[in-house]
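S.K.: First the structure, which I've put down as structure tokens, then a few questions once you've had a look.
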Amino acid sequence: MANDGGIGGLTIEHVPAAAAPPSPVPAKRPDVVGEAGDVFVLGSGEAGQLGLGPDVHERERPAKLKWFEEDGRDIAVVSICAGGMHSAALTADGEIYTWGCNDHMSLGRPGEETEPGLVQGALTGQYVTKVVCGDSVTACLTTEGRVYAWGTFRDNNGVFGFYHDIKVQDTPLLIEELEHVTAISAGTNHLAAHTSDHKIYTWGVGEQGQLGRKTSARNARSQCLVPRTINFRPHGLPGNRFTAIYCAGYHTFVVHESSAVFGFGLNQYGQLGAGHTQATECVPQLHGVGIAAITGGETHTLLLDVEGRVHCCGRGDSYQLGLGDDASHSVMKTVPNLPTIATVSSGAQFCLALSAPAKAPMTAPGPDGEDVAIAAGQNIVYGWGYGERGQLANGSEDNERPTAFNLKERFVLELSAGGQHSMLLLRKKGQ
Numbered sequence: 047m048a049n050d051g052g053i054g055g056l057t058i059e060h061v062p063a064a065a066a067p068p069s070p071v072p073a074k075r076p077d078v079v080g081e082a083g084d085v086f087v088l089g090s091g092e093a094g095q096l097g098l099g100p101d102v103h104e105r106e107r108p109a110k111l112k113w114f115e116e117d118g119r120d121i122a123v124v125s126i127c128a129g130g131m132h133s134a135a136l137t138a139d140g141e142i143y144t145w146g147c148n149d150h151m152s153l154g155r156p157g158e159e160t161e162p163g164l165v166q167g168a169l170t171g172q173y174v175t176k177v178v179c180g181d182s183v184t185a186c187l188t189t190e191g192r193v194y195a196w197g198t199f200r201d202n203n204g205v206f207g208f209y210h211d212i213k214v215q216d217t218p219l220l221i222e223e224l225e226h227v228t229a230i231s232a233g234t235n236h237l238a239a240h241t242s243d244h245k246i247y248t249w250g251v252g253e254q255g256q257l258g259r260k261t262s263a264r265n266a267r268s269q270c271l272v273p274r275t276i277n278f279r280p281h282g283l284p285g286n287r288f289t290a291i292y293c294a295g296y297h298t299f300v301v302h303e304s305s306a307v308f309g310f311g312l313n314q315y316g317q318l319g320a321g322h323t324q325a326t327e328c329v330p331q332l333h334g335v336g337i338a339a340i341t342g343g344e345t346h347t348l349l350l351d352v353e354g355r356v357h358c359c360g361r362g363d364s365y366q367l368g369l370g371d372d373a374s375h376s377v378m379k380t381v382p383n384l385p386t387i388a389t390v391s392s393g394a395q396f397c398l399a400l401s402a403p404a405k406a407p408m409t410a411p412g413p414d415g416e417d418v419a420i421a422a423g424q425n426i427v428y429g430w431g432y433g434e435r436g437q438l439a440n441g442s443e444d445n446e447r448p449t450a451f452n453l454k455e456r457f458v459l460e461l462s463a464g465g466q467h468s469m470l471l472l473r474k475k476g477q
């Protein structure tokens, strides 16, 4: 049913919760739920993505988002995700709260945009285990292995569409083609899902090759907006089964069951890590390295290996590679001067990395040229790249090399890098 309202002349689709199959029993709660923490935000807030209200347009240091415990609330946040200009938080009850820019319905709800609000509709009665954010699209995964999404995908001409004939979706909608999903990932304007039978589905904008499947120019929109399996078949490797999926800005990586890593999509700065080639399907030139995670921004890539080392490639004009210069690199380089890293996240032109807990007291180079003291058992957030909106906790400066956040010995549970803002989930004091 079409909403009478519109944005920029666009029809916004509203599909009520009844369109999704109702659960006969309450959704199953996972056996293990992540530790709840305090949400901290920093960087650009001009679209309300910090959640600190309409008057806060930028924060150069981490600020606690107190909304979750104000006015009698006691909402336990266990995971966070920063999108292009919006943010999301996942609770211990499997619910999603969103805030920030809602021009194309990426919040999945009506109401105040500059503070968190509960996403309901078709998610009522579902238990969400994962939420991912692109620029104008948001998606989530439930304990039942189903995917819900809302918002829209945008290309160079504006709104590309959302799903089938829907241009913009204002509330969560079940993506019916997907079942038994084990993982999801979001790029700037595309989504990917991994299923229990080791298949990869992609949908969204595919004009840079980021969907990993061919589409005809005549039917590009209808073919791209419906999840379909990638038709990428590795040469010389048995089978076509994949174990992991990672979306970056305009490119995508898949891990084959043989542990080989393949990338496809935009590659003009070498962000696929395959050397001097303009091919949109490549094998990153990093052999014999086990992959723990891959992330990427608009034109760069970070790869975290199982030994806790961070490797980078792609564009470096904003120091987003962390190598100390603004050169681009088409093959993977190891980011120097980092301890063992546990997780990484990439914004549009900046990066965040979270270390493993320190085994002994140490110091790390911090903001304003001062060292940050780290106690044994604590971990460290490092940031580098474009920082003019304060997202690196270093004033409005770019960081040419990894620089530690000064979090006053607060333990970090999770981090997420958005367009020009950062989110941290910190262990509650006294725990």
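Just so it is clear: in the sequence shown, position 265 is 311 by this note's numbering, and no numbers are missing.
Think of the CB as a built atom: it goes at the ideal place given N, C-alpha and C, for glycine as much as any other residue.
Note that the structure is a prediction, hence the values are computed from the model and not measured.
Could you check where the beta strand (DSSP E) with Ala128 kicks off and where it finishes?
M.R.: Element bounds for Ala128: Val123 to Ala128.
S.K.: Please list the segments of the alpha helix (DSSP H) lying wholly inside the segment 235-289, counting only runs of 4 or more residues, in order along the chain.
M.R.: The qualifying runs are 266-270.
S.K.: For the putative contact between Gly319 and Cys359, defined by C-beta atoms under 8 Å, what is the C-beta separation to the nearest angstrom?
M.R.: Their Cβ separation, rounded to whole angstroms, is 4 Å, which keeps Gly319 and Cys359 in contact under 8 Å.
S.K.: Taking only three categories from DSSP, how would you classify Leu169?
M.R.: Leu169 falls in the helix class under three-state DSSP.
S.K.: Run through DSSP, which three-state label would Gly415 get?
M.R.: Three-state result, Gly415: helix.
S.K.: Would you call the CB atoms of His226 and Cys293 closer than 8 Å?
M.R.: No, they are not a contact pair.
S.K.: Mapping the DSSP letters down to three states, classify Phe114 as helix, strand or coil.
M.R.: Reduced to three states, the DSSP call for Phe114 is helix.
S.K.: Can you list, in chain order, the residues of its chain whose CB lies under 7 Å from that of Tyr173, leaving out five sequence neighbours each side?
M.R.: Within the same chain, Tyr173 has close Cβ partners Ala73, Lys74, Arg75, Gly140, Thr188 and Thr189.
S.K.: For the putative contact between Val390 and Leu453, defined by C-beta atoms under 8 Å, what is the C-beta separation to the nearest angstrom?
M.R.: Between Leu453 and Val390 the Cβ distance is about 17 Å, and since that is not below 8 Å, they are no contact.
S.K.: At which residues does the beta strand (DSSP E) containing Leu472 begin and terminate?
M.R.: His467 to Arg473 is the extent of the beta strand (DSSP E) around Leu472.
S.K.: Looking at Asp181: is its Cβ nearer than 8 Å to the Cβ of Gly255?
M.R.: No; because the gap between Cβ atoms is not below 8 Å, this pair is not in contact.
S.K.: Check each candidate in Gln466, Leu470 and Arg456 and name the one with the smallest Cα separation from Gly476.
M.R.: Checked all of Gln466, Leu470 and Arg456; the closest Cα to Gly476 is Arg456.
S.K.: Just confirm the distance between the C-beta atoms of Ala239 and Leu224, as a whole number of angstroms; I'd bet it's less than 8 Å.
M.R.: 5 Å between Cβ atoms; contact.
S.K.: I need the boundaries of the beta strand (DSSP E) containing Leu398, first residue and last residue.
M.R.: Phe396 to Ser401 is the extent of the beta strand (DSSP E) around Leu398.
S.K.: Anyone know if the C-beta pair for Gln166 and His467 falls short of 8 Å?
M.R.: Not a contact, by the Cβ cut-off of 8 Å.
S.K.: Distance, Cα to Cα, Val418 vs Ser364?
M.R.: Between Val418 and Ser364, the C-alpha separation is close to 24 Å.
S.K.: Gly83 and Val123 - do their beta-carbons sit closer together than 8 Å?
M.R.: Yes, they are a contact pair.
S.K.: Inspect the CB distances between the segment 212-219 and the segment 197-204 and report whether three or more fall short of 8 Å.
M.R.: Touching, per the Cβ criterion.
S.K.: Taking C-alpha atoms, which residue in Val183, Asp201 and Lys405 lies nearest to Ile387?
M.R.: That would be Lys405, whose Cα lies nearest to the Cα of Ile387.
S.K.: When the distance is taken between beta carbons, is Gly336 closer than 8 Å to Ser305?
M.R.: Yes, Cβ-Cβ distance for Ser305 and Gly336 is below 8 Å.
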